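Below is one structure, written out as structure tokens; the observations come after it.
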Amino acid sequence: MKNQLVFICSQIFFLVSGYPKIFSQEFLPMVQIAWENNHLLKAKHFQLNSASFALQEAKALYGPSVMFATQYTLAEGGRSIDFPVGDLLNPVYGTLNQLTNSTVFPQINNVNTQLLPNNFYDARFRISQPIYYPDLVINKKLKTESLYLKELEIKAFKRQISKDVMLAYFQSITSKNVIDIYLATDTLLSEAKRTTQSMIRNGTSLPSSLSRIETQIAAIEAQKIEASSNHRNALRYLQFTLGVKDSSVWHIELPEVPDISNSNILQREEVAQINQGIKMLHLANEKEDQFYLPKIGAQLDFGSQAFDFGFDPYILVGLNLEINIYDNKKHKYRKEAIKSDIQASEAQKNEIEEQMNLMISVAAENLRSAIAQAKTYRTRINAVSKIYNEVFRKYKEGSANYLELMDAQSQVTQVNLQFVIAQNNAWVKWAEYVYVTAAFPIN
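Residue numbering for the sequence shown follows the numbering used here, starting at 8 and increasing by one per position.
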């Protein structure tokens, strides 16, 4: 019977014989599987790719662009211009004919020309090259910082996934340990049942004692069924978190947890995201400072334009200059709005940093408290084990009744269940501490 009680204690998923120490890196292989299979994380990686392509586009804006355009028009009517070429030249031509006694110089009619071109085409290639565009520099910087912001979002989401994986794993282990405790309890009750049956045959016990034990066995069986259901659900959630169909291949030895006094406290991605947002606002403000700077670009057109599908090539070179003179203070108001946004972000950053510091202090205190509570169960388990052994011995001798035996057995089961819950709570608090201190390595 003493060995059976030791068996119960061995089902606990770590023994509080000292301050537990385990490093979060032990979970890295498991967490990496979750990272690879998480659909939301995949979506964020696609968004990161989009930001990367946007940066490449911003860099490409420095280079030339080539386009082809053509236009063909048919026109009838509309405005026209009268050119009296006949009235101007016919008198002269008539005089010349008289002087030369010939008809070499014919009479010319006045001309009426339609302004809208009819049966006319214009086909050209256009090459555009920015020479001095200050906005392109700012745009490139903004796209670069936006890409880094997406990377921070991914790291923050990865950190949340790592916490979810650890909590899911702890829950699956705890639910399995609860089943083991009920199995061990069933073993104790089965031994008590056999002893009681022997005592009834010897006339030293009443049948009601056996009925009470059988009732307790049935109650434990019901609790075991519920515990098995909880364990299967815990495994399903772990498999969902990992994105796999079988999580049984994963097993991590949990001998100890890290000493929080030696843990490195790193900056959370949430704070880095705010810093990045502030940096981007400063870039937006810098863009407004360049409002009055000129924009210079070059343009080259070459092609052909002619009537009746003829071929008449041409080339046209142009230089574009654009300078903002006045916009009714719109850019000034934009700058003031950006400055207000920067101040708001700075205030938000200070608030979040204070919240993070509070969360770290609370998480550390909760972890210390949870581990200290779990350590107290060593004495309780030893005490209830001794009590049960003594009561069971007296029960076999006939000096203790079955009610005392059932009470002692119930104490053994309850204390061990409380021990498992306390230890799971300690690991949960550890996972929360690892999360708030950004101790888990994120690549």
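Note that beta-carbon positions come from the ideal geometry of N, C-alpha and C, so glycine has one too.
Just so it is clear, the structure is predicted and the values come from calculations on it, not from any experiment.
In angstroms, rounded to a whole number, what distance separates the CA positions of residue i and residue j?
i       : j       : result
Thr-194 : Gln-425 : 19 Å
Tyr-139 : Ala-67  : 14 Å
Asp-414 : Glu-397 : 13 Å
Asn-292 : Lys-336 : 15 Å
Tyr-176 : Ala-225 : 30 Å
Leu-213 : Ala-407 : 13 Å
Leu-96  : Val-73  : 48 Å
Gly-84  : Leu-326 : 36 Å
Asn-119 : Leu-143 : 51 Å
Ala-390 : Thr-420 : 13 Å
Ile-345 : Phe-298 : 15 Å
Asp-334 : Leu-300 : 14 Å
Asp-187 : Arg-385 : 18 Å
Leu-122 : Gln-312 : 16 Å
Thr-222 : Leu-196 : 10 Å
Ile-330 : Gly-101 : 59 Å
Gln-350 : Glu-372 : 33 Å
Asn-423 : Gln-230 : 14 Å
Gly-284 : Arg-341 : 17 Å
Gln-430 : Ile-388 : 14 Å
Thr-211 : Glu-198 : 17 Å
Asn-357 : Ala-65  : 33 Å
Ala-82  : Pro-113 : 31 Å
Is the Cβ-Cβ distance between residue i and residue j less than 9 Å?
i       : j       : result
Asn-237 : Ser-182 : yes
Glu-43  : Ala-163 : no
Lys-436 : Leu-374 : yes
Ile-303 : Pro-98  : no
Val-172 : Met-37  : yes
Ile-220 : Thr-248 : no
Leu-62  : Ser-169 : no
Tyr-409 : Ser-215 : yes
Ile-40  : Gly-250 : yes
Lys-393 : Met-206 : no
Leu-328 : Arg-133 : no
Tyr-395 : Gln-362 : no
Lys-4   : Leu-290 : Only positions 8 to 450 of the chain appear in this structure, which leaves residue 4 out of reach.
Pro-124 : Phe-314 : yes
Ala-433 : Ala-370 : no
Locate the beta strand (DSSP E) running through residue i, then write down its first and last residues.
i       : result
Leu-323 : 320-329
Ala-4   : Here the chain covers residues 8 to 450 and nothing more, so residue 4 does not appear.
Let me know if residue i comes out buried or exposed under the rule of 16 or more other beta-carbons within 10 Å of its beta-carbon.
i       : result
Ile-88  : exposed
Phe-34  : buried
Arg-131 : buried
Lys-157 : buried
Gln-355 : exposed
Leu-166 : The residue asked about is misnamed: residue 166 is Arg in this sequence, not Leu. Buried is the call here.
Phe-399 : buried
Ala-379 : exposed
Gln-178 : buried
Thr-80  : exposed
Leu-47  : exposed
Ser-31  : buried
Arg-201 : exposed
Gly-321 : Contrary to the premise, residue 321 reads as Tyr rather than Gly in this sequence. Exposed, since its Cβ has fewer than 16 Cβ neighbours within 10 Å.
Phe-316 : exposed
Pro-262 : Caution applies to Pro-262, whose pLDDT of 48 falls short of 50 and renders its modelled position unreliable; the value that the coordinates give is listed next. It is exposed - the Cβ of Pro-262 has fewer than 16 other Cβ atoms within 10 Å.
Leu-474 : In the structure as shown, the chain starts at 8 and stops at 450, and residue 474 therefore has no counterpart that could be examined.
Arg-275 : buried
Val-427 : buried
Thr-444 : buried
Leu-103 : exposed
Val-185 : buried
Between which two residues does the alpha helix (DSSP H) carrying residue i extend?
i       : result
Ser-59  : 46-67
Glu-198 : 141-208
Tyr-299 : Run containing Tyr-299: none; DSSP gives neither H nor E here.
Leu-213 : Neither: Leu-213 is in no alpha helix (DSSP H) and is coded neither H nor E.
Leu-261 : No alpha helix (DSSP H) contains Leu-261, which DSSP labels as neither H nor E.
Ile-349 : 337-382
Asp-253 : Taken as a continuous stretch (DSSP letters only), Asp-253 belongs to no alpha helix (DSSP H), as it is neither H nor E.
Ile-332 : Element bounds for Ile-332: n/a, residue is neither H nor E.
Report the partner residues of residue i according to the DSSP bridge assignment.
i       : result
Thr-77  : Ala-130
Ile-88  : Thr-120
Gln-136 : Ala-305
Ser-72  : Ser-135
So is residue i in contact with chain C if we call contact Cβ pairs under 9 Å?
i       : result
Gln-178 : Chain labels in this structure do not include chain C; a single protein chain is all it has.
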